[in-house]
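Chains as they are written, first to last, in our numbering: chain U, 7 to 118; chain X, 82 to 192.
Where a beta carbon is used, it is the ideal one built from N, C-alpha and C, also for glycine.
Working notes, structure below.
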Amino acid sequence: NAGVTQTPKFQVLKTGQSMTLQCAQDMNHNSMYWYRQDPGMGLRLIYYSASEGTTDKGEVPNGYNVSRLNKREFSLRLESAAPSQTSVYFCASSETVGRPQHFGDGTRLSIL
Amino acid sequence: EDQVTQSPEALRLQEGESSSLNCSYTVSGLRGLFWYRQDPGKGPEFLFTLYSAGEEKEKERLKATLTKKESFLHITAPKPEDSATYLCAVQGSSNTGKLIFGQGTTLQVKP
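Dropping the structure here:
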C-alpha cells in the first residue's frame, strides 16, 4: 500500500535555483493538495487540485506553481528558491474535496 | 476568518493516566472537523472526521467529540506508543477544499 509517494525526501538548494517536487497517489483520488509545515505555523495549504484539470490557490501560493499532470500526479515547482521557502512540504490526496486527506511523508527542503 | 486553536501545546502523561486534548475553532459553516496523528519525520495520519455537534468517534484508546465551538480528543489509559503530535483541522463552507490546521498538541507518554 504505497498511498501517497513524494520525491525527493530531502533536498538542499541554493537561493535562485529551481526545482520540482513530485507527488503521486495510487488510491484513485480525485483531489490533491500541497502543504508546507513550519515550526510554530502549523500546516498551511499552498495549492490544491479539486479534480484533474483544475488547480486553485491556497493560503500561501506566492513563489510556487503547480501542475496536475494526470489523476495520479500533482507537482509543485519553485521557480527561484528563496530561504523563506525552507520548510517541510507535504502532498495529500482525498476522494473528493471535503473527504479525509491522506498525506505522504514529506520532502524536507533547505534553501541556502 | 476560519481559525483553529489547540491546547495544550505539549502534554506529558504517565502510562495509564487519561487526559483530553482540546481543539477550539471558529468557522463559517462547519463542513467537517478532522483529527490527525503525526509521528516525527512522517506525514499526518488520519484518525477521525466529525461533522456535527454531538457526534462522537472512537478508535482503540482514542475518542473524539464535537460541540459547536470545540472538539476534544480523549485518551484513555494511554501507552508510550500513543506519543505523537495530534493535529486538528476544520473545513468551512467558505473554504471549499481547504483545511485550516491548528498547531498541534505534542503528547509524550512515559512508561
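Supposed close pair residue i, residue j - CB separation, criterion 8 Å
{"i": "A87 of chain U", "j": "Q23 of chain U", "result": "5 Å"}
{"i": "G183 of chain X", "j": "A170 of chain X", "result": "7 Å"}
{"i": "S37 of chain U", "j": "S55 of chain U", "result": "7 Å"}
{"i": "K191 of chain X", "j": "E126 of chain X", "result": "Actually they do not touch by this definition, with Cβ atoms about 22 Å apart."}
{"i": "D163 of chain X", "j": "L128 of chain X", "result": "Rounded, the Cβ-Cβ distance is 11 Å, inconsistent with contact."}
{"i": "G185 of chain X", "j": "Q87 of chain X", "result": "6 Å"}
C-alpha gap between residue i and residue j, whole angstroms
{"i": "T60 of chain U", "j": "L114 of chain X", "result": "25 Å"}
{"i": "V72 of chain U", "j": "C29 of chain U", "result": "11 Å"}
{"i": "F109 of chain U", "j": "F16 of chain U", "result": "17 Å"}
{"i": "P161 of chain X", "j": "T113 of chain U", "result": "27 Å"}
{"i": "L102 of chain X", "j": "L49 of chain U", "result": "18 Å"}
{"i": "S57 of chain U", "j": "N34 of chain U", "result": "11 Å"}
{"i": "L19 of chain U", "j": "S105 of chain X", "result": "38 Å"}
{"i": "T92 of chain U", "j": "S133 of chain X", "result": "37 Å"}
{"i": "G68 of chain U", "j": "R142 of chain X", "result": "Looking at the sequence itself, residue 68 of chain U is Asn, so the reference to Gly does not match. In a straight line, the C-alpha of N68 of chain U is about 41 Å away from that of R142 of chain X."}
{"i": "T21 of chain U", "j": "R83 of chain U", "result": "14 Å"}
{"i": "F77 of chain U", "j": "E101 of chain U", "result": "Going by the sequence as given, residue 77 of chain U is Lys instead of Phe. Cα to Cα, K77 of chain U sits roughly 11 Å from E101 of chain U."}
{"i": "L27 of chain U", "j": "P14 of chain U", "result": "7 Å"}
DSSP three-state assignment for residue i, whether helix, strand or coil
{"i": "S90 of chain U", "result": "helix"}
{"i": "D1 of chain U", "result": "No information on residue 1 of chain U is available, as it lies outside the stretch 7 to 118 that chain U covers here."}
{"i": "D163 of chain X", "result": "helix"}
{"i": "S105 of chain X", "result": "strand"}
{"i": "K20 of chain U", "result": "coil"}
{"i": "G173 of chain X", "result": "strand"}
{"i": "D44 of chain U", "result": "strand"}
{"i": "K191 of chain X", "result": "strand"}
{"i": "V72 of chain U", "result": "strand"}
{"i": "Q12 of chain U", "result": "strand"}
{"i": "Q107 of chain U", "result": "coil"}
{"i": "R78 of chain U", "result": "coil"}
{"i": "L180 of chain X", "result": "coil"}
{"i": "M25 of chain U", "result": "strand"}
{"i": "S99 of chain X", "result": "coil"}
{"i": "T186 of chain X", "result": "strand"}
{"i": "A30 of chain U", "result": "strand"}
Beta-carbon proximity of residue i to residue j, cut-off 8 Å
{"i": "Y39 of chain U", "j": "L51 of chain U", "result": "yes"}
{"i": "S99 of chain U", "j": "Q31 of chain U", "result": "yes"}
{"i": "S99 of chain X", "j": "A158 of chain X", "result": "yes"}
{"i": "G104 of chain U", "j": "Q172 of chain X", "result": "yes"}
{"i": "N53 of chain U", "j": "F96 of chain U", "result": "Checking the sequence, you will find Tyr at residue 53 of chain U rather than Asn. No, the pair does not count as a contact, with Cβ atoms beyond the cut-off."}
{"i": "Q119 of chain X", "j": "L154 of chain X", "result": "no"}
{"i": "A145 of chain X", "j": "W116 of chain X", "result": "yes"}
{"i": "Q43 of chain U", "j": "L180 of chain X", "result": "no"}
{"i": "G124 of chain X", "j": "S175 of chain X", "result": "no"}
Distance cut-off 7 Å: residue i Cβ against heavy atoms of the ligand ZN
{"i": "R142 of chain X", "result": "Here there are no bound small molecules, and the ligand ZN is not part of this structure."}
*Continuous beta strand (DSSP E) assignments of at least 3 residues falling wholly in the region 110-161 of chain X*: 111-119, 126-131, 137-140, 143-147 and 151-156
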